[in-house]
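Undergrad:
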Amino acid sequence: MHVRELAVPGSYEFTPELFPDRRGVFVSPMQGSLFRSRIGHEFHVAQTNLSHSSRGVLRGIHFTTAPPGQAKYVYCAHGRALDFVVDIRVGSPTFGKWDCVELDAQSFRAVYLPIGVGHTFLALEDDTMMSYLMSTSYVPELEQAIDPFDPTLALPWPKEIEFIVSDRDRVAMSLNEALEKGLLPKYEECVDQQVGA
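As numbered in my numbering, the sequence shown has no gaps in its residue numbers, which increase by one up to the final residue, 382.
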């Protein structure tokens, strides 16, 4: 497993080894002991989700109110997607910055998002299936969204794709609006919580 830290501190890309033979391919996208040895803490899975999307479906930018916050480990089980980590943690040295990883079902590359980091992805193919491992269970009233087209963030979405966005994400607040409303997670609290996880 190759591990690379992304531009948003605490977020990582994981590229697992593939084991092909005449039957197909075997791969282990998440390996707990390796995760712990490279990242320095456990990743406890409280819930798993799977999303199925057509080409052009854009989900996010989503985050969970912290505390408790939510860490995620995401990979593409079928298809292909652009996956973004967005630093929305107030006080972070990279606040407002992002990084992007292309996820697909050939490499089974995965992305780890620590507590307090925003997440969004764009399906680049029909029948794109994204698998999420999450550190906390889904609680609707704790879920927040930021506009994925916020010009302050200027995420580099492909211009040739017709976007399919939920009503919730279409009317999501900007990063500055979320900041003014006091909804964004605080960097130090997120880091302390992650270390204690």
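Beta carbons are placed, not taken as given, at the ideal position from N, Cα and C, and that holds for glycine.
Is the beta carbon of I300 closer than 8 angstroms to that of A256?
TA: Looking up residue 256 in the sequence shown gives position 71. Looking up residue 300 in the sequence shown gives position 115. Going by C-beta atoms, A256 is nearer than 8 angstroms to I300.
Undergrad: Would you mind sorting Q291 into buried or exposed? The rule is 16 or more other CB atoms within 10 Å of its CB.
TA: Numbered from its first residue, the sequence shown carries residue 291 at position 106. By the 10 Å Cβ count, Q291 comes out exposed.
Undergrad: Out of F293, E202 and V259, which has the shortest C-alpha to C-alpha gap to F306?
TA: Walking along the sequence shown from the start, residue 306 turns up at place 121. Among F293, E202 and V259, the Cα nearest to that of F306 is on V259.
Undergrad: On the CB-based measure, 16 or more other CB atoms within 10 Å of its CB, does T233 come out buried or exposed?
TA: Sequence index remark: in the sequence shown, residue 233 carries index 48 (1-based). When all chains shown are included, T233 counts as exposed.
Undergrad: Here's the rule: buried if 16 or more other CB atoms are within 10 angstroms of the residue's CB, otherwise exposed. What is P214?
TA: Here residue 214 is taken as the residue at index 29 of the sequence shown, counted from 1. By the neighbour-count rule (16 or more Cβ atoms within 10 Å), P214 is buried.
Undergrad: By DSSP's criteria, L340 is part of a beta bridge. Which residues make up the other side?
TA: Reading the sequence shown from its first residue, position 155 is the one you call residue 340. DSSP, once it has assigned bridges, lists no residue as partnering L340.
Undergrad: What span of residues does the alpha helix (DSSP H) with D352 cover, start to end?
TA: One-based indexing of the sequence shown puts residue 352 at position 167. Its alpha helix (DSSP H) spans residues D352 to R355.
Undergrad: Considering only the beta carbon of each residue, do S320 and A231 sit closer than 8 angstroms?
TA: Taking the sequence shown and counting its residues from 1, one reaches residue 320 at position 135. Taking the sequence shown and counting its residues from 1, one reaches residue 231 at position 46. Result yes, Cβ atoms of S320 and A231 sit closer than 8 angstroms.
Undergrad: Is the beta carbon of D289 sitting closer than 8 angstroms to the one on S196?
TA: One-based indexing of the sequence shown puts residue 289 at position 104. One-based indexing of the sequence shown puts residue 196 at position 11. Not closer than 8 angstroms, so no.
Undergrad: So K371 and R274 are supposed to be a Cβ contact under 8 angstroms. How far apart are they, rounded?
TA: Along the sequence shown, one-based indexing puts residue 371 at 186. Along the sequence shown, one-based indexing puts residue 274 at 89. Contact holds; Cβ gap of about 7 angstroms.
Undergrad: Would L203 pass as a contact of V212 if the rule is Cβ separation under 8 angstroms?
TA: Looking up residue 203 in the sequence shown gives position 18. Looking up residue 212 in the sequence shown gives position 27. Yes.
Undergrad: Would you say D349 and G303 are within 8 angstroms of each other, going by their C-beta atoms?
TA: One-based indexing of the sequence shown puts residue 349 at position 164. One-based indexing of the sequence shown puts residue 303 at position 118. Contrary to the premise, residue 349 reads as Ile rather than Asp in this sequence. In this structure, G303 does not lie closer than 8 angstroms to I349 by Cβ.
Undergrad: With DSSP as the reference, please indicate the residues paired to L288 in a beta bridge.
TA: By one-based count along the sequence shown, residue 288 stands at place 103. Paired residues: A266.
Undergrad: Across which residues does DSSP place T321 in a beta bridge pair?
TA: Taking the first residue of the sequence shown as position 1, residue 321 is located at position 136. Answer is none; T321 lacks a bridge partner.
Undergrad: Looking at the structure shown, is V242 part of a helix, part of a strand, or coil, going by DSSP?
TA: In the sequence shown, the residue the question calls residue 242 occupies position 57. DSSP places V242 in strand when its eight states are reduced to three.
Undergrad: For S359, which of helix, strand or coil comes out of DSSP?
TA: On the sequence shown, residue 359 is found 174 positions in, with the first residue counted as 1. The answer is coil: DSSP assigns S359 none of H, G, I, E or B.
Undergrad: Please report the residue range of the alpha helix (DSSP H) in which R223 lies.
TA: Within the sequence shown, residue 223 is the residue found at index 38, counting from 1. Unbroken alpha helix (DSSP H) run through R223: G217 to I224.
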